[in-house]
Amino acid sequence: MMVTTHSPAETEALAHRLSLWVRPGFLILLSGDLGSGKSTFARAFIRALAGGRTDFDIPSPTFTLVQSYEEARLPVFHADLYRLQPADEAEELGLADLLQSGAGLVEWPEKLPAGLTPDSLRLSFSGTGESRTIAITPEGAWVKALARDAEIESFVAGLSASRNFLEGDASSRRYEWLGTADGSRPILMDMPTRPDGPPVKNGKPYSAIAHLAEGLPAVVAVNTVLADRGYSAPRIMKADLKRGLALIENLGSRVYGRMLLAGEDMTEPMLAAAEVLADMARHDWPAHVPAGDGISHHVAPYDADALLIEADLLPSWFWPYLHGKAAPAGVNDSFAAIWSKLIPLAQPTRPQWVLRDYHSPNLLWIPEREGLQRVGLIDTQDAVMGHGAYDLVSMTQDARVDIPDGLAARTVEHYLALRTSDAAFDRDAFLTAYAVLGAQRATKILGIFARLSKRDGKHGYLRHMPRVSRALARNLEHPALLPLRQWYLEHLPEALVVKG
Numbered sequence: 002m003m004v005t006t007h008s009p010a011e012t013e014a015l016a017h018r019l020s021l022w023v024r025p026g027f028l029i030l031l032s033g034d035l036g037s038g039k040s041t042f043a044r045a046f047i048r049a050l051a052g053g054r055t056d057f058d059i060p061s062p063t064f065t066l067v068q069s070y071e072e073a074r075l076p077v078f079h080a081d082l083y084r085l086q087p088a089d090e091a092e093e094l095g096l097a098d099l100l101q102s103g104a105g106l107v108e109w110p111e112k113l114p115a116g117l118t119p120d121s122l123r124l125s126f127s128g129t130g131e132s133r134t135i136a137i138t139p140e141g142a143w144v145k146a147l148a149r150d151a152e153i154e155s156f157v158a159g160l161s162a163s164r165n166f167l168e169g170d171a172s173s174r175r176y177e178w179l180g181t182a183d184g185s186r187p188i189l190m191d192m193p194t195r196p197d198g199p200p201v202k203n204g205k206p207y208s209a210i211a212h213l214a215e216g217l218p219a220v221v222a223v224n225t226v227l228a229d230r231g232y233s234a235p236r237i238m239k240a241d242l243k244r245g246l247a248l249i250e251n252l253g254s255r256v257y258g259r260m261l262l263a264g265e266d267m268t269e270p271m272l273a274a275a276e277v278l279a280d281m282a283r284h285d286w287p288a289h290v291p292a293g294d295g296i297s298h299h300v301a302p303y304d305a306d307a308l309l310i311e312a313d314l315l316p317s318w319f320w321p322y323l324h325g326k327a328a329p330a331g332v333n334d335s336f337a338a339i340w341s342k343l344i345p346l347a348q349p350t351r352p353q354w355v356l357r358d359y360h361s362p363n364l365l366w367i368p369e370r371e372g373l374q375r376v377g378l379i380d381t382q383d384a385v386m387g388h389g390a391y392d393l394v395s396m397t398q399d400a401r402v403d404i405p406d407g408l409a410a411r412t413v414e415h416y417l418a419l420r421t422s423d424a425a426f427d428r429d430a431f432l433t434a435y436a437v438l439g440a441q442r443a444t445k446i447l448g449i450f451a452r453l454s455k456r457d458g459k460h461g462y463l464r465h466m467p468r469v470s471r472a473l474a475r476n477l478e479h480p481a482l483l484p485l486r487q488w489y490l491e492h493l494p495e496a497l498v499v500k501g
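Residue 501 is where the sequence shown ends in the working numbering, and the numbering goes up by one at each step.
Next comes the structure, spelled out in structure tokens:
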């Protein structure tokens with residue numbers, strides 16, 4: 002693939018665009034004569050990874066050989082191997098170690114040792130004056146990244162918008178925000194259809210049993226219904242269901258998690274979010290929702306199979322994380338047997354939509370709106386038909402930030418007070434379900450965080466484990482969960498006192 006840039010600004014724009022795809026292990030190899038534009042590209046790439054910051058220097062690594070930058074959203078190094086002589090000197094630079102957690106740019110890459118990474122992108126610069134011809138040769142994961150980039154460029158063609166990195170999540174979904182002339186900054190959601198994983202039970206993959214969204218139709222269907230019913234879910238501006246690309250409304254940046262970390266008074270936002278849940282409990286919710294293009298999305302029941310397969314993440318991933326080996330079969334069997342008796346306590350007589358990710362990263366405060374619309378709802382695609390206590394416990398027992406005990410208790414009481422007008426509402430049964438689903442959720446999350454570290458190399462989630470284990474211990478204090486508490490004390494007491 003050949004690209005022609007007609008100015009340094011266009012070369013910098015190419016660097017900015019390619020930076021959207023970088024992740025640990027990705028390497029860019031820069032070839033070309035002195036003055037051909039390699040350094041212009043490298044500096045723009047590093048600044049793009051640092052969110053456009055200009056308050057730090059990016060010197061040439063000609064004399065230092067390697068320059069590392071921790072200011073970026075992931076570590077990145079810039080190496081210039083021009084002065085290296087013997088090939089073994091390159092190995093002494095430790096570039097392979099740097100690629101374990103970050104990305105890199107290398108000038109004079111012919112001096113690199115072979116096999117440094119399978120995921121490399123070679124850019125060969127040539128040209129005179131301000132114009133540059135850049136031959137782009139991707140290998141490994143860069144091939145798929147550039148193919149997807151071309152699809153996105155086609156999807157946003159005509160918008161005259163710049164593409165910018167937006168913080169992602171624990172899934173394979175990607176997000177960008179688009180810089181537009183009107184300042185609306187819509188969100189690009191990149192969500193290709195999820196491939197089925199290996200069968201884990203009864204010939205079905207985990208995602209099918211747990212009823213996780215397989216693609217963009219779930220987002221379009223769920224958000225459209227929520228928005229039509231007066232909730233602040235992002236409206237869909239444009240979607241290509243087959244390619245898994247959508248432009249959605251930008252609800253702003255007042256994310257609950259950031260507000261909590263900044264020490265803001267969260268009383269009003271938390272109580273408002275409880276009011277949204279209480280209002281949702283009053284509605285009848287559809288199990289089948291049109292997504293467009295003749296596609297219908299099924300909102301599955303949050304049934305025993307789904308709750309059990311999620312709880313199984315603890316013996317499957319957290320146990321090996323602690324002990325370095327698989328849990329004995331008897332431990333798995335006794336764990337599943339206890340959950341089989343607890344789950345009926347959390348099965349509602351009148352199911353409602355449960356968003357499952359109703360917590361601080363996915364709630365946004367929009368004070369300029371009124372009533373229930375002050376609470377923005379994102380990451381809704383995994384909605385299921387289940388018990389409303391699940392979303393309340395997700396919010397009040399957040400896995401990523403500390404919710405003050407007093408605020409959590411006040412939020413729960415506010416929700417309960419709002420529900421008392423419903424003659425069919427049983428406060429004690431609800432609180433039992435709250436404890437059961439709180440324990441199930443904490444159990445699941447300990448397994449997920451261990452899996453993210455072990456399988457995906459996302460070790461940052463481990464720092465949240467102590468908070469999750471404290472939530473698990475609190476839920477196990479409910480009398481109905483005594484058998485589960487005894488199981489933990491006998492088989493896995495470490496899960497109740499995970500240390501940071």
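All C-beta atoms in this analysis are idealised placements derived from N, C-alpha and C, irrespective of residue type, glycine included. If you're wondering where the values come from, they're calculated on a predicted model, not measured in any experiment.
Enclosing alpha helix (DSSP H) for residue i [first to last residue]
i: residue 333; result: 330 to 343
i: residue 476; result: 466 to 476
i: residue 44; result: 39 to 50
i: residue 229; result: 217 to 229
i: residue 2; result: From DSSP, residue 2 is part of no alpha helix (DSSP H); its letter is neither H nor E.
i: residue 441; result: 428 to 455
i: residue 419; result: 406 to 420
i: residue 487; result: 483 to 492
i: residue 154; result: 142 to 156
i: residue 310; result: 305 to 312
i: residue 320; result: 320 to 324
Start and end residues, beta strand (DSSP E) containing residue i
i: residue 190; result: 188 to 191
i: residue 138; result: 133 to 139
i: residue 378; result: 376 to 378
i: residue 81; result: 77 to 81
i: residue 28; result: 28 to 32
i: residue 202; result: 200 to 202
Residue closest to residue i, alpha-carbon to alpha-carbon, out of the options
i: residue 177; options: 22, 417, 405, 467; result: 22
i: residue 458; options: 100, 31, 180; result: 100
i: residue 416; options: 470, 391, 440, 401; result: 391
i: residue 432; options: 482, 447, 449, 463; result: 482
i: residue 372; options: 186, 2, 232, 94; result: 232
i: residue 187; options: 212, 50, 240; result: 240
i: residue 530; options: 92, 55, 75, 86; result: Residue 530 lies beyond the range of the chain shown here (2 to 501); nothing can be said about it.
i: residue 495; options: 207, 320, 208, 301; result: 320
i: residue 381; options: 132, 153, 4, 219; result: 219
i: residue 243; options: 260, 217, 480; result: 217
i: residue 180; options: 199, 157, 93; result: 157
i: residue 455; options: 260, 314, 420, 357; result: 314
i: residue 350; options: 393, 299, 426, 359; result: 426
i: residue 79; options: 409, 93, 46; result: 46
i: residue 152; options: 184, 407, 245; result: 245
i: residue 159; options: 165, 4, 148, 182; result: 182
i: residue 83; options: 71, 68, 69, 108; result: 108
i: residue 92; options: 145, 2, 113; result: 113
i: residue 267; options: 444, 343, 208, 408; result: 408
CB contact below 8 Å: residue i versus chain C
i: residue 255; result: The structure shown contains no chain C, having only a single protein chain.
Opposing strand residues paired with residue i [DSSP bridges]
i: residue 164; result: 179
i: residue 105; result: 28, 78
i: residue 6; result: 133
i: residue 558; result: This structure cannot speak to residue 558, because the chain is shown only from 2 to 501.
i: residue 70; result: 77
i: residue 110; result: Note: residue 110 sits in no beta bridge, so no partner.
i: residue 206; result: 200
i: residue 121; result: 28
Heavy atom of the ligand SAH within 7 Å of residue i beta-carbon
i: residue 394; result: Absent from the structure shown: the ligand SAH. Ligands present: none.
At a cut of 8 Å, does the region 204 to 224 reach the region 243 to 256 through at least three beta carbon pairs?
-> yes
The region 135 to 155 contacting the region 44 to 63, beta-carbon criterion three pairs below 8 Å | no
Touch test, the region 188 to 201 against the region 155 to 175, Cβ-Cβ under 8 Å, three pairs minimum | yes
Determine, using beta-carbon pairs with one atom in the region 251 to 263 and one in the region 350 to 367, whether at least three such pairs fall under 8 Å.
-> yes
Can you give, in chain order, each stretch of the alpha helix (DSSP H) that sits fully within the region 227 to 303 and has at least 4 residues?
-> 257 to 262, 268 to 281
Report yes or no: do three or more beta-carbon pairs, one from the region 119 to 130 and one from the region 30 to 37, lie closer than 8 Å?
-> yes
Could you tell me whether the region 389 to 403 touches the region 290 to 301, using the rule of 3 or more Cβ pairs below 8 Å?
-> no
Touch check for the region 463 to 479 and the region 434 to 442: three-plus C-beta pairs under 8 Å?
-> yes
At 4 residues or longer, and completely inside the region 349 to 398: list those alpha helix (DSSP H) runs for me, N to C.
-> 390 to 397
Below 8 Å, can you find three or more Cβ-Cβ pairs linking the region 271 to 285 to the region 195 to 214?
-> no
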